[in-house]
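A.B. asks: Protein chains in written order, with UniProt numbering: chain A, 1 to 532; chain B, 1 to 532.
Dumping the structure here so I can ask a few things about it.
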């Protein structure tokens, strides 16, 4: 297809309303067991006018370079309709002891759990064959294709096209068996033992702990209110001294750009552009781990309702404005194909699904599929079926966005309760915080130097901080509240010596949040010998 | 607890009928989100009179030795009922958009797909809280414990206790995200780059392909009609020359003991004992990959029906005799705790579940759980819920065995059709086979030296065989049948130069099986210039 670079970028934008017509024009789903799916046909055709991604093959590690397609699966791909396969040992679906499944889902715009206003859907074993549905138990319960079922890939490709509109042509989506698994796959694809990867100075502890046993070290870059500092990133890379560090210059940049875990910071668009420019200059590969992308805070319908002036936007307008107000992702800025974006269903649908998705260049995605073949194969077929039924057949694209609008309002209310409780119960002279704009986490800084033991010990400063952090943590537990120590999240080489606690407003009920923060305030005051 | 080694082993045997009383006596399930489950309480209490497993810590690789528990999860374990957690970012179940699920399952003894005789079960979101059920959507859809849900671990622990009765005390079951994932976890726990592992001379190609990119090499041990040769295994180990091989002496033995893939061979009990004795002598660690354990062949109810004298055994008697006739597993012979047994739901329930289980010593299982925390976390909650509902709540332990009896009769019929077609269509002077006693595979040897091109080429013998194998394979495809080349399954160092094809009777319909073998016969005859 001809590449016309002077086509204005916005012209290639797809909207949810374009999708039904596009589905009608494009090829039918194969409806077969584990078909090798080329997601190209699900994309906005104007996408092919964009330039192709650059190659990042030089960034693959030995393990990834040694990996190819699974022989038996590759042989299966040679089959055409007339060939009878006596090849792979796939059981016949008649031996799957699951005959029918039905599910009930909440309906918008209220999405109330106890409302009678709910949608249900019944799924039979042979609905595809019987032309009743695009997906069924016979296919979802058999072995699956390593990128996931064509049915779900279609939905997610359309979703990514509309929401992120990646600026290169050959991007692809693949399912993952959850983002934790995807991050492990990242290490197994790019990193050698001894390598450094770059992260925010404080980052998700499970990522740090997944890297360590693989011999992958982290180097944290300081953050400010707009997220990871692009100039400090530039400084780290320009000044990298391989002999001194005992490692090659790092090229993998792991970021949590929205509602960062643990700090709650959301990178501004300008900051994202600056970081991407550094990545272009130093040929970095970016892992955009973005589970909180849609959980923006500060948009409460409840707040307006209290003010007596709640407004119900026309639904489509609400969807459009929600999408417009999202900070553009790194994927949407990625002219070179150097971003692997990890989306998660855990925070917007349910963690137990273990069925999330990633988006990147076809070259890199293909390496992950080889790895899937030898490890997780693909997410559970029942999870895929449940997610597809809900998103594609019941809610549709706009319905998902309306659900996200609902979540954003719920989490905003939770945050507000937590902030009010913090204002009331935490000693403001030693506790400080920023209001998070997205996510599930509130990050509280405590001035540990005000603690009676801050100067008394003979230990180095950092160890004194850790001692006091542990005292506050244990005192909290005794008072009946568990908060996470900030030190759990420190990447390698973190410079500061401040003390933080991460608290989440995602799990506990509203009264519990209030009570828990009150207990935490009491614990801090007792530790710091302050009146409460 | 006192260890009384002279207690006759049979006394400690548990039977399905003991389970209801034991469940009543033992502690209640926690009914919480991701509780850390100690499966001890689900076991036959007499189990604790057995000796403990030996330690195999000296067999762990650097990665496994560097791994510990995930910090946030470990912190969660410190919680008691009065502490409010603001710790891990687990969404509240009110935000899971799944309100209700119901499923329909076939009922025994016929288990017919189209029968009205079926069982159904409805699962609500808060059934545990509402005291309606042991498992629900709120718990299964949240983050899970790395060994799987307590509900399913209970069922599987009981199942393993009755079926395998491991002869040491501290064995444990954990779920896996499918056996492919479990095998990857095995390599990541025991093997260093450059190591050799021991396998059967022909083995599952996906295992070979999973090992290769990790730099793990395989050395195949020849087989006879009773499986891997114990004396050749002894010879390989006694004669291992590390400098010559450029690798330490191998200690990991990967076996598919029942209905072996690809050869269809089932190891006799005597052979298993001989192999285990070699393992004891050389301190091997055994991976018992046994997905076909329950798919025994040669027990067709249809055959008897044709003879007009079908007998319906009383159900419990049928269950007892089925269990009695299973060849004992390596797990059931494992006095030292040197076996990790991998069971699969893929061949007995459905591959799309990606939810299987493994059994081994507590020490080794704990290492796998650390790895799960950093990778797959645990299988899909919906898969766990579906499997638990079917096995525990609908069928029960005996119901599962009745389903397996049904499957064994179905697969026997499929095998019989294939064997009849082979007798009829394959040229017996160059094609030979054994009748498989278990599994899904039929292994056909073809005397390639009878091929017109067998002697003509200037190539080495092995390459000539491969050329002819490829000609037969391609001719088959052109004739409309796909069979798997035997060479795909050759482990490293395989000595023989024979030609095989693996065909499965699991997937195609009965008429297709007949037609496919007829086509394959025609392809062979054309290639070998024989009348068909």
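Using N, Cα and C, we set each Cβ at its ideal position, and we do this for glycine too.
All figures in this text were calculated on a predicted structure; none of them were measured in a lab.
1) Determine the DSSP secondary structure at residue 357 of chain A, reduced to helix, strand or coil.
2) Which value, in whole angstroms, describes the spacing of the CA atoms of residue 293 of chain B and residue 346 of chain B?
3) For residue 486 of chain B versus residue 202 of chain B, is the C-beta distance shorter than 9 angstroms?
4) Go through the stretch 429-479 of chain B residue by residue and report every complete run of the beta strand (DSSP E) that reaches 3 residues or more, in order.
5) Report all residues from its chain with a CB closer than 7 angstroms to the CB of residue 126 of chain B; omit the five preceding and five following residues, and keep chain order.
6) Consult DSSP for residue 158 of chain B and reduce its assignment to one of helix, strand or coil.
7) Name, in chain order, the residues that DSSP records as bridge partners for residue 100 of chain A.
8) Please compile the residues from chain A whose C-beta is within a distance smaller than 9 angstroms of the C-beta of residue 299 of chain B.
9) What are the start and end residues of the beta strand (DSSP E) that includes residue 14 of chain A?
10) Hey, would you say the C-beta of residue 424 of chain B is under 8 angstroms away from at least one heavy atom of the ligand FMN?
11) Comparing C-alpha positions only, which one of A:501, A:508, A:505, A:509 sits nearest to residue 523 of chain A?
12) List the residues of chain B that residue 488 of chain A touches, going by C-beta distances under 9 angstroms, in chain order.
13) Kindly indicate which three-state DSSP category residue 517 of chain A falls into: helix, strand or coil?
14) Taking 6 angstroms as the limit between beta carbons, can you name the residues of its chain near residue 44 of chain A, skipping five residues before and five after?
15) What runs of the alpha helix (DSSP H), each 4 residues or longer, lie entirely inside the stretch 22-87 of chain A?
16) To the nearest angstrom, how far is it from the Cα of residue 405 of chain B to the Cα of residue 511 of chain B?
17) From what residue to what residue does the beta strand (DSSP E) around residue 423 of chain A run?
18) Name, please, each residue of chain A whose Cβ falls closer than 9 angstroms to the Cβ of residue 347 of chain B.
19) Residues of the stretch 152-184 of chain B in Cβ contact with chain A at a cutoff of 9 angstroms, in chain order, please.
20) Let me check understanding here. Comparing Cα to Cα, which of A:217, A:471, A:288 lies closest to residue 357 of chain A?
21) What is the rounded straight-line gap between the Cα of residue 103 of chain B and the Cα of residue 116 of chain B?
22) Helix, strand or coil for residue 381 of chain A? Go by DSSP, reduced to three states.
23) Would DSSP call residue 304 of chain A helix, strand or coil?
24) Does the stretch 177-197 of chain A come close enough to the stretch 368-378 of chain B that 3 or more CB-CB pairs lie under 8 angstroms?
25) The stretch 509-528 of chain A: which residues have C-beta closer than 9 angstroms to a C-beta of chain B, in chain order?
26) What residue from B:245, B:226, B:220 has the CA that sits closest to residue 233 of chain B's CA?
27) With C-beta atoms as the reference, is residue 59 of chain A less than 9 angstroms away from residue 368 of chain A?
28) Who are the Cβ neighbours of residue 516 of chain B in its own chain at under 7 angstroms, not counting the five residues just before and after it?
29) How is residue 221 of chain A classed by DSSP in three states: helix, strand or coil?
30) Do the CB positions of residue 50 of chain B and residue 169 of chain B come within less than 9 angstroms of each other?
31) Would DSSP call residue 283 of chain B helix, strand or coil?
32) Return helix, strand or coil for residue 90 of chain B, following the three-state DSSP convention.
33) For residue 501 of chain A, which residues does DSSP report across the bridge?
34) With a 10 Å radius around its C-beta and 16 neighbouring C-beta atoms as the bar for buried, classify residue 62 of chain B as buried or exposed.
35) Determine, using beta carbons only, whether residue 329 of chain A and residue 472 of chain A come nearer to each other than 9 angstroms.
36) Using Cβ-Cβ distances below 7 angstroms, what residues of the stretch 360-385 of chain B are close to chain A?
C.D. replies: Once the coordinates are examined:
1) strand
2) 12 angstroms
3) yes
4) 441-446
5) 136, 138
6) helix
7) A:124, B:104
8) Those within 9 angstroms of residue 299 of chain B in chain A number zero; the least Cβ separation is about 16 angstroms.
9) Element bounds for residue 14 of chain A: n/a, residue is neither H nor E.
10) This structure simply doesn't include the ligand FMN, nor any ligand for that matter.
11) A:501
12) 71, 72, 75
13) helix
14) 14, 161
15) 62-65, 71-77
16) 23 angstroms
17) That residue, residue 423 of chain A, is in no beta strand (DSSP E); its alpha helix (DSSP H) goes 396-425.
18) 89, 91, 95
19) 177, 178, 180, 181, 183, 184
20) A:288
21) 14 angstroms
22) helix
23) The predicted model places residue 304 of chain A with a pLDDT of 40, which falls under 50 and marks its position as unreliable; any figure quoted below should be read in that light. Residue 304 of chain A falls in the helix class under three-state DSSP.
24) yes
25) 509, 512, 513, 515, 516, 517, 519, 520
26) B:220
27) no
28) 481, 508
29) strand
30) yes
31) coil
32) coil
33) A:444, A:485
34) exposed
35) no
36) 374, 375, 376, 377, 379, 380, 381, 382, 383
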